[in-house]
Amino acid sequence: MLAQLGFRCGFSTSLARMKIHPAGRQINDDKSDGGSKSTAVMAALLIQRHPPAHHPLQENGSVVGRGAAATVRIEEPSISREHARILYQNGKWRIMDLGSANGTLLNNMPVKGMEVLHDGDVLRLGSATFEFSSGAQHGDSPDTLGCPTFLNAPELRQVVMLVVDLKGFTPLSTQLAPVVLATAVRYWCRECQRILESHSAKLDKFIGDCAFAWWNWNTVTTRSQAVMAARALLAIAPPPESVLDCGVALHCGEVALCRMPDASFTLLGAEVNTTFRIEALTRQLRHRVLVSRAFVKDGTDSNSSYSDCGQHFLKGLSLPLDILALNLTPPERGPEV
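Each residue of the sequence shown is one higher than the last, beginning at 14 in this note's numbering.
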């Protein structure tokens, strides 16, 4: 439906097939070892979100900043002249802050010393947001010649997932004029994108009147960010002449992180489907935010509490799942002693 409205969220970085060394040097195609095929190594990229752009990184080090001497030059006042350095060291890509005025965040945590980077990590330099991509190795073959090669093998990863869906969208579409409906949905999608990105989530996709997002790694920090994002999504104020309400599901687990041909990421696996099934329960159980037992097992933020909603069978699962509801009203504090 959003496609019919001409709405697009996020960004897409499509790369033509190129054969380069991680340091940015072109690799010779000549077969110099008795006819064996050469191997191409895609350059690591720093993918800028706004405005969309991709910046190749050099293996021996790239300085990111707004100064003329910066390897990756970003015209952004909040970025220092020499803000951070990214380099390939001991088989891993790493980043270090260079004493910048506004700091460097890696997945919403301050960079201290030298930090290891992983595919899909979100970096914030000043007020500019980037996504890191390490690239991949590919051999030449008839099947890949002329095709995009920015494809990594799927990587298993523990993540935190969020699904948010507009409630009562079908009756809403019959009550509002098409222009009013389009304006309302467009506004809601933009607010979703803003909120999720401000809480360091990766907006995977919009599916009709539903959004799917995730956080790298399953930690107390990422679960806390997910809870805060859920609360903010519920607080979206609808535009005039429309009423928008939504349900949110939070879950965590192991998924396959896949690089798509257009250089975007997506998640695949049973836990992704489970998150969508949990969100569908928000209407049945009449709770605006539902979470799995796995989500709260190792703790979230200290300001949140949950109510047990019992076990429920979800489509595609052979065993029932423990479901809890996020208490949206903070518990009353007793008198201080």
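From the three backbone atoms N, C-alpha and C, an ideal C-beta is built for every residue, glycine too.
Residue i - DSSP class collapsed to helix/strand/coil
{"i": "Ala-243", "result": "helix"}
{"i": "Lys-180", "result": "coil"}
{"i": "Val-173", "result": "strand"}
{"i": "Lys-218", "result": "strand"}
{"i": "Gln-71", "result": "coil"}
{"i": "Pro-123", "result": "strand"}
{"i": "Ile-208", "result": "helix"}
{"i": "Arg-86", "result": "strand"}
{"i": "Glu-292", "result": "helix"}
{"i": "Thr-287", "result": "helix"}
{"i": "Trp-227", "result": "strand"}
{"i": "Ala-269", "result": "strand"}
{"i": "Pro-155", "result": "At Pro-155, the pLDDT of 32 sits below 50, so the modelled position is not reliable; the number obtained from the coordinates is stated separately. Here Pro-155 sits in coil by DSSP."}
{"i": "Met-109", "result": "strand"}
{"i": "Thr-342", "result": "coil"}
{"i": "Asp-46", "result": "Note that Asp-46 scores 41 on pLDDT, short of 50, meaning its location in the model is unreliable; the coordinates nonetheless yield the value given after this. The answer is coil: DSSP assigns Asp-46 none of H, G, I, E or B."}
{"i": "Leu-298", "result": "helix"}
{"i": "Arg-137", "result": "strand"}
{"i": "Leu-58", "result": "strand"}
{"i": "Ser-186", "result": "helix"}
{"i": "Thr-313", "result": "coil"}
{"i": "Arg-98", "result": "strand"}
{"i": "Pro-161", "result": "Residue placement at Pro-161 is flagged as unreliable, the pLDDT there being 33, under the threshold of 50; a coordinate-derived value is accordingly withheld."}
{"i": "Thr-279", "result": "strand"}
{"i": "Leu-194", "result": "helix"}
{"i": "Thr-232", "result": "coil"}
{"i": "Ser-237", "result": "helix"}
Beta-carbon proximity check, residue i vs residue j, cutoff 9 Å
{"i": "Ile-92", "j": "Val-76", "result": "no"}
{"i": "Asn-121", "j": "Val-135", "result": "yes"}
{"i": "Arg-306", "j": "Ile-336", "result": "yes"}
{"i": "Leu-130", "j": "Glu-89", "result": "no"}
{"i": "Val-240", "j": "Ser-331", "result": "no"}
{"i": "Val-177", "j": "Leu-246", "result": "yes"}
{"i": "Asp-217", "j": "Leu-303", "result": "no"}
{"i": "Val-193", "j": "Gln-238", "result": "no"}
{"i": "Ser-146", "j": "Gly-133", "result": "yes"}
{"i": "Arg-290", "j": "Gly-266", "result": "no"}
{"i": "Ala-224", "j": "Cys-202", "result": "yes"}
{"i": "Thr-142", "j": "Gln-61", "result": "yes"}
{"i": "Ala-338", "j": "Ser-315", "result": "no"}
{"i": "Ala-197", "j": "Pro-251", "result": "yes"}
{"i": "Ala-66", "j": "Trp-106", "result": "no"}
{"i": "Val-85", "j": "Leu-59", "result": "yes"}
Buried or exposed by the 16-neighbour rule on C-beta atoms within 10 Å, applied to residue i
{"i": "Glu-210", "result": "buried"}
{"i": "Arg-236", "result": "buried"}
{"i": "Asp-258", "result": "exposed"}
{"i": "Asn-340", "result": "exposed"}
{"i": "Ile-99", "result": "buried"}
{"i": "Lys-310", "result": "exposed"}
{"i": "Phe-219", "result": "buried"}
{"i": "Arg-207", "result": "exposed"}
{"i": "Thr-342", "result": "exposed"}
{"i": "Arg-79", "result": "buried"}
{"i": "Ser-140", "result": "exposed"}
{"i": "His-96", "result": "buried"}
{"i": "Pro-333", "result": "exposed"}
{"i": "Thr-187", "result": "exposed"}
{"i": "Gly-104", "result": "exposed"}
{"i": "Thr-287", "result": "buried"}
{"i": "Thr-295", "result": "buried"}
{"i": "Gln-297", "result": "exposed"}
{"i": "Ala-83", "result": "buried"}
{"i": "His-63", "result": "exposed"}
{"i": "Gly-221", "result": "exposed"}
{"i": "Gln-3", "result": "This structure cannot settle anything about residue 3, because the visible part of the chain is limited to 14 through 350."}
{"i": "Gln-71", "result": "buried"}
{"i": "Gly-3", "result": "As displayed, the chain neither begins before 14 nor continues past 350, which places residue 3 out of reach and without an answer."}
{"i": "His-212", "result": "buried"}
For residue j and residue i, believed in contact at Cβ under 8 Å, the rounded distance
{"i": "Leu-270", "j": "Glu-144", "result": "Not a contact, Cβ separation roughly 12 Å."}
{"i": "Gly-312", "j": "Val-233", "result": "5 Å"}
{"i": "Gln-171", "j": "Asn-73", "result": "Going by Cβ atoms, the distance from Gln-171 to Asn-73 rounds to 32 Å, so no, they are not a contact pair."}
{"i": "Ala-214", "j": "Ala-242", "result": "6 Å"}
{"i": "Phe-308", "j": "His-264", "result": "6 Å"}
{"i": "Glu-284", "j": "Val-268", "result": "5 Å"}
Opposing strand residues paired with residue i [DSSP bridges]
{"i": "Ser-305", "result": "Ile-336"}
{"i": "His-325", "result": "Leu-334"}
{"i": "Val-129", "result": "Arg-107"}
{"i": "Val-77", "result": "Val-85, Ala-97"}
{"i": "Tyr-319", "result": "Leu-339"}
{"i": "Ala-66", "result": "Gln-61"}
Residue-chain proximity (residue i, chain C), Cβ-Cβ < 9 Å
{"i": "Ala-57", "result": "No chain C appears in the structure shown, which is made up of a single protein chain."}
Near the ligand NAP: residue i beta-carbon under 8 Å from a heavy atom
{"i": "Leu-70", "result": "Absence of the ligand NAP from the depicted structure is noted, as is the absence of any ligand whatsoever, leaving it without description."}
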